[in-house]
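Protein chains: 4
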Amino acid sequence: MRNLEEILKEIIEESRKYTNFGNVATYIPELQKANKYDLAACVMDKDGNVYVSGDGEKKFTIQSVSKPIMLALALMDHGREKVFSKVRMEPSGDPFNSIMKLETSKPSLPYNPMINAGAIMITSLIKGKDHEEKLNRILAFFRKLSGNENLDINYDVYLSEKITGDRNRAMAYLLKSEGILEGDVEEVLDLYFKQCSIDATIKDLAKMGLNLAFDGIDIITNERLISEEVARIVKTFMVTCGMYDASGEFAINAGIPSKSGVGGGIMCTVPKKMGIGIYGPALDKKGNSIGGVKILEALSKKLNLSIF
Amino acid sequence: MRNLEEILKEIIEESRKYTNFGNVATYIPELQKANKYDLAACVMDKDGNVYVSGDGEKKFTIQSVSKPIMLALALMDHGREKVFSKVRMEPSGDPFNSIMKLETSKPSLPYNPMINAGAIMITSLIKGKDHEEKLNRILAFFRKLSGNENLDINYDVYLSEKITGDRNRAMAYLLKSEGILEGDVEEVLDLYFKQCSIDATIKDLAKMGLNLAFDGIDIITNERLISEEVARIVKTFMVTCGMYDASGEFAINAGIPSKSGVGGGIMCTVPKKMGIGIYGPALDKKGNSIGGVKILEALSKKLNLSIF
Amino acid sequence: MRNLEEILKEIIEESRKYTNFGNVATYIPELQKANKYDLAACVMDKDGNVYVSGDGEKKFTIQSVSKPIMLALALMDHGREKVFSKVRMEPSGDPFNSIMKLETSKPSLPYNPMINAGAIMITSLIKGKDHEEKLNRILAFFRKLSGNENLDINYDVYLSEKITGDRNRAMAYLLKSEGILEGDVEEVLDLYFKQCSIDATIKDLAKMGLNLAFDGIDIITNERLISEEVARIVKTFMVTCGMYDASGEFAINAGIPSKSGVGGGIMCTVPKKMGIGIYGPALDKKGNSIGGVKILEALSKKLNLSIF
Amino acid sequence: MRNLEEILKEIIEESRKYTNFGNVATYIPELQKANKYDLAACVMDKDGNVYVSGDGEKKFTIQSVSKPIMLALALMDHGREKVFSKVRMEPSGDPFNSIMKLETSKPSLPYNPMINAGAIMITSLIKGKDHEEKLNRILAFFRKLSGNENLDINYDVYLSEKITGDRNRAMAYLLKSEGILEGDVEEVLDLYFKQCSIDATIKDLAKMGLNLAFDGIDIITNERLISEEVARIVKTFMVTCGMYDASGEFAINAGIPSKSGVGGGIMCTVPKKMGIGIYGPALDKKGNSIGGVKILEALSKKLNLSIF
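Chains as they are written, first to last, in this note's numbering: chain A, 1 to 308; chain Y, 1 to 308; chain P, 1 to 308; chain L, 1 to 308.
Below is the structure:
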């Protein structure tokens with residue numbers, strides 16, 4: 001389908017002008033090194049065809065894109081009842097790093113696993129006899145889902161996050177003080193900073209999105225990687241909470257289950273059709289790739305991808 | 001499909017026990033007269049078949065079920081750009097009658113058209129040269145969508161709402177003071193209380209849901225009642241914000257675009273498949289029909305209706 | 001004491017330059033007509049001597065300066081137990097027109113009688129068989145306390161407030177919906193807008209302040225106008241909540257029990273020493289007379305007036 | 001004045017019945033060991049006479065009573081301009097351990113030095129070349145003000161606080177992430193937990209209160225310990241923010257500049273008259289000694305101690 005590659009190229013060129021109105025993330029110093037005009041997209045379809053436009057080989061850290069994947073792993077480790085006794089299922093209407101609702105709502109459970117407080121909570125649930133085993137299980141899961149055995153942590157970004165992650169520390173200690181988060185805060189955060197610092201390409205994101213699009217089955221190998229129920233839960237969160245406090249608007253404008261990260265990546269899943277990976281480090285005010293959002297809105301319209 | 005009727009009946013009997021843990025709405029005195037053990041469901045499929053279980057003829061006021069329909073009318077009156085300059089598109093994470101975010105977020109736009117502040121804003125946008133014309137246009141639209149020419153206002157409930165609607169007044173005056181709501185507050189509220197007081201049956205809700213399920217086309221007459229885009233927008237809000245601040249959880253557990261009202265009604269739309277109407281006046285703490293939610297979770301599981 | 005007049009004059013000239021950094025109130029259209037460079041002060045001492053600097057005859061509406069006086073009247077009408085079952089005694093840390101804490105704190109009592117929500121509550125408590133009698137009692141009380149029989153309402157300002165008072169309406173309806181405010185909202189607000197629109201001069205404010213300074217006794221006539229306990233309560237609120245959400249800072253910098261209004265007036269009471277009236281319509285961001293605050297800080301330092 | 005001792009005794013016996021309605025602090029495990037029925041008071045007058053009723057030798061940790069003293073030290077180290085660029089001067093209306101306003105107000109400065117966030121900020125400002133020197137300066141200051149060379153840290157309580165101080169950690173990291181708090185968070189907290197864990201008797205509190213009552217001068221030795229301005233600032237905060245979010249009510253009912261701590265202590269200062277120390281570990285819901293508040297209300301009424 002040579003056509004799709006051309007469509008992608010056209011849409012990217014159209015969307016690139018918006019990158020000018022965005023900014024690369026500054027609160028993690030290492031992320032500031034990105035080129036704000038970069039923009040790239042990868043579509044992987046149900047036959048395994050891969051369409052790339054822009055620089056598909058460029059690596060970026062996945063940041064919050066890790067959140068739905070980690071949720072899947074926690075659900076596989078504990079089942080939904082345990083997981084959702086520790087984190088709610090509601091969009092919060094507040095920014096991803098907001099701490100306020102942890103104080104105003106009783107019990108002080110994080111509103112959902114896609115905001116930082118909820119994601120840190122999810123990370124604390126991952127099974128493993130020690131830090132190393134937990135980290136290995138996490139990496140193994142990301143590698144399996146992306147089909148990329150070389151996926152690994154970008155240690156420069158990790159260190160940058162660890163040094164500057166005081167707002168995440170504040171949340172974690174608040175959860176700890178409320179008796180919700182168990183275990184050692186610094187160890188949980190170390191794991192969290194590592195999961196956020198996994199280096200990936202748009203192909204990796206597209207592949208993970210494709211696996212979710214087929215309810216957890218790798219359609220090439222026919223291997224089931226995630227149970228159908230877990231895949232469905234993850235996709236639902238990607239719709240209701242995947243694009244921070246712009247999720248509602250994105251659902252209206254694009255209607256594609258997606259999860260963005262402040263590194264500029266977006267992982268998307270079009271049920272029974274395709275996985276999409278996006279890279280564009282210039283962010284809008286809510287923290288989503290400004291060019292990436294434009295690409296997905298245009299692509300959804302062009303190919304009629306909205307689930308609604 | 002005699003089978004579906006039996007499934008419905010079984011699920012309703014199973015769900016009825018939960019009505020005991022809910023309560024009928026008390027803040028509108030007239031609504032307290034409902035029988036909390038009532039529970040009924042109606043499915044209308046794409047061939048126009050109607051399956052009813054429970055008392056399908058019982059009337060109840062639609063309350064917040066009116067919100068997505070009014071949104072459709074406002075979008076048809078003004079287009080999305082104008083409408084979404086007056087109300088946001090985000091779930092708020094707060095109860096439906098919360099006033100706080102109107103103060104903490106700038107500009108003070110209501111978070112979405114499914115919470116009271118946003119719905120009052122939407123009502124203020126309906127076109128018409130005077131109150132009577134506006135009301136007539138609203139009633140005509142509900143009648144056309146439900147295929148029920150006899151749909152009308154329950155004036156006892158309307159008066160009850162008008163007398164006790166001070167919290168809605170507070171919101172409306174706050175929106176007025178911020179320069180967002182235009183026109184006379186009491187007149188807008190009068191229209192709002194009337195739209196909430198429309199009397200309907202589960203068949204009416206099922207029919208409206210069916211029309212949304214087919215993107216705004218009445219599949220019996222083949223008439224287009226709502227544009228495809230407007231229908232899509234409405235359905236999206238039903239997913240992200242339709243069940244108050246339990247929308248996220250309902251999306252996980254049922255995955256059916258739905259809108260509930262404190263009168264006990266729920267209008268549901270299963271894309272390309274069916275419309276569903278529910279009645280069960282015993283409410284949970286968030287304001288949703290407690291038995292109705294159970295019915296929809298069970299039905300979704302049984303018939304695989306989740307859009308995710 | 002010719003000296004005090006010179007001190008006043010000097011301080012006013014020094015303070016006048018700050019008026020440039022303030023702005024006259026704009027949310028009540030009628031108040032915009034004030035001259036932002038106006039600045040005047042009046043001191044009335046325990047021997048009845050009056051020292052005026054600046055234009056002492058200029059009239060302005062007292063606005064929130066009415067709040068402590070109304071609190072005194074309500075306390076005399078009902079006693080402290082009843083009054084403080086309807087309004088708390090705590091500084092709120094929020095702007096005077098904030099609505100948020102009415103939602104977040106249970107029960108939804110206004111935080112104190114010096115913010116709008118609390119002051120409206122207080123107004124609703126004033127005794128009288130009808131609107132006219134209530135208004136007459138209020139006016140009579142202000143006239144007696146100021147020793148000015150001609151004190152009256154500025155009807156242009158009153159109408160301006162009534163037309164634009166939607167934020168106050170929002171608060172009043174919220175209090176009504178919570179079952180805290182009784183009576184007809186519009187009637188209570190009408191009385192509230194009238195009390196805010198009383199026209200006064202700095203001499204009137206100084207005289208009222210002087211009566212509070214001597215625990216409720218008019219030191220000229222030796223008549224007791226307010227009980228000692230009520231006078232003490234009122235002065236305490238003037239310290240903890242009298243200067244909106246700058247009360248803490250003002251207590252540090254000046255330490256004089258004071259109440260400001262957005263009309264530019266400030267009424268001050270220096271226990272056992274003097275009453276002070278200030279007029280300066282240029283306001284700072286918190287709503288206090290910017291030049292007036294400077295005058296009081298300087299005067300307090302010069303004459304050692306801080307109660308701390 | 002044998003009389004005052006009798007008055008004290010009578011008031012304490014009258015107030016003791018309220019201890020039954022309070023509870024000892026539970027969030028620091030070590031504090032739970034206190035006897036909730038304990039109640040004691042010490043008055044130190046301007047001639048150095050000491051009146052004690054109840055067990056005057058019982059030791060308790062001063063907890064938040066340390067906050068005004070630490071503020072004095074910080075003001076002496078840096079001057080008011082620097083200090084109040086790091087912490088506001090306003091009552092917050094929220095509980096002492098609230099984190100919300102740090103998020104909703106910009107800049108994210110703590111509202112005042114008497115709530116935990118503000119007090120931690122103040123601790124971070126204390127001068128010293130290393131942790132040891134800072135701690136020694138703090139202890140020396142407390143010893144000088146109390147005239148008790150043996151004042152020292154209760155290490156059991158300190159360790160208990162350190163282990164369970166996660167909510168304070170959350171605040172400190174939030175302040176750090178906003179660029180307000182400088183230095184190492186754990187080190188600042190360590191100092192903070194130590195200052196809170198200083199063991200004292202009611203005589204120590206009364207003596208510190210007496211020094212504040214005479215504007216920073218030790219009336220026995222005639223030595224100036226704190227500048228007049230610093231003493232005035234500290235006393236002002238004790239009025240506006242000294243009794244947590246019950247400060248406004250306490251100002252009305254007692255009118256004595258006071259600072260309470262969750263260890264059950266209250267330090268009070270009656271300008272030009274006396275210092276008072278209270279101990280009563282049963283706390284009310286706001287965190288103040290429930291019997292202690294009753295003692296001070298009664299004593300204020302009896303001896304006419306209100307500053308208002």
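Quick reminder that beta carbons are idealized off the backbone N, C-alpha and C, glycines included. Please read all numbers here as calculations on a predicted model, not as lab measurements.
When DSSP labels each residue in this structure, what does residue i get in the three-state scheme?
| i | result |
| --- | --- |
| Y/GLY118 | helix |
| Y/THR269 | strand |
| A/VAL262 | coil |
| L/ALA40 | strand |
| Y/GLY54 | coil |
| P/MET243 | coil |
| A/ASP152 | strand |
| P/MET274 | strand |
| P/ASN136 | helix |
| A/ASP45 | strand |
| A/ASN35 | coil |
| Y/GLY128 | coil |
| Y/MET238 | helix |
| A/MET89 | coil |
| Y/ASP94 | coil |
| Y/PHE308 | coil |
| Y/LEU159 | helix |
| Y/ASN20 | helix |
| Y/GLY248 | helix |
| P/LEU109 | coil |
In terms of DSSP beta bridges, what is residue i paired with?
| i | result |
| --- | --- |
| L/ALA200 | L/PHE60 |
| Y/TYR27 | Note: Y/TYR27 sits in no beta bridge, so no partner. |
| P/SER289 | P/LEU283 |
Could you check which residue in the options has the C-alpha nearest to that of residue i?
| i | options | result |
| --- | --- | --- |
| Y/THR61 | Y/MET208, Y/ASP130, Y/VAL157 | Y/VAL157 |
| Y/TYR368 | Y/ASP199, Y/LEU175, Y/GLU132 | What is shown of chain Y runs 1 to 308, which leaves residue 368 of chain Y out entirely. |
| L/SER53 | L/ILE220, L/CYS42, L/ILE217, L/LYS46 | L/CYS42 |
| L/LYS259 | L/LEU225, L/ARG224, L/LYS272, L/ALA206 | L/ALA206 |
| P/HIS131 | P/ASN150, P/PHE96, P/LEU4, P/VAL185 | P/VAL185 |
| A/ARG88 | A/MET114, A/ILE69, A/LEU151 | A/MET114 |
| A/GLY275 | A/GLU6, A/MET208, A/GLY183 | A/MET208 |
| L/ILE153 | L/ILE7, L/ILE120, L/GLN63, L/PHE250 | L/GLN63 |
| A/ARG46 | A/LEU225, A/PHE214, A/GLU223 | Per the sequence shown, residue 46 of chain A should be read as Lys rather than Arg. Ranking A/LEU225, A/PHE214, A/GLU223 by Cα distance to A/LYS46 puts A/PHE214 first. |
| A/MET243 | Y/GLU90, Y/LYS301, Y/GLU57 | Y/GLU90 |
| Y/ASP55 | Y/GLU30, Y/ASP218, Y/LYS203, Y/GLN195 | Y/LYS203 |
| L/ALA117 | L/VAL188, L/GLU229, L/GLU133 | L/VAL188 |
| L/VAL270 | L/LYS144, L/ILE307, L/ILE290 | L/ILE307 |
| Y/LYS235 | Y/ILE219, Y/ALA251, Y/LEU212, Y/THR221 | Y/LEU212 |
| P/LEU31 | P/ALA246, P/GLY93, P/LEU4, P/THR164 | P/THR164 |
| P/LYS134 | P/ILE180, P/THR104, P/MET70 | P/MET70 |
Kindly confirm or deny that the region 295 to 303 of chain A and the region 11 to 19 of chain Y touch, where touching means at least three C-beta pairs closer than 8 Å. no
Quick test of the definition: if touching needs 3 or more C-beta pairs under 8 Å, does the region 167 to 176 of chain Y touch the region 157 to 172 of chain P? yes
I'd like the ranges of any beta strand (DSSP E) spanning at least 3 consecutive residues and lying wholly in the region 167 to 228 of chain A. 198 to 200
The region 74 to 82 of chain A in contact with the region 239 to 250 of chain A per 3-pair CB rule at 8 Å: no
Per the contact definition of three or more C-beta pairs closer than 8 Å, is the region 274 to 286 of chain L in contact with the region 248 to 265 of chain L? yes
When you compare the region 250 to 258 of chain Y with the region 94 to 102 of chain Y, are there three or more beta-carbon pairs, one atom per stretch, that lie closer than 8 Å? no
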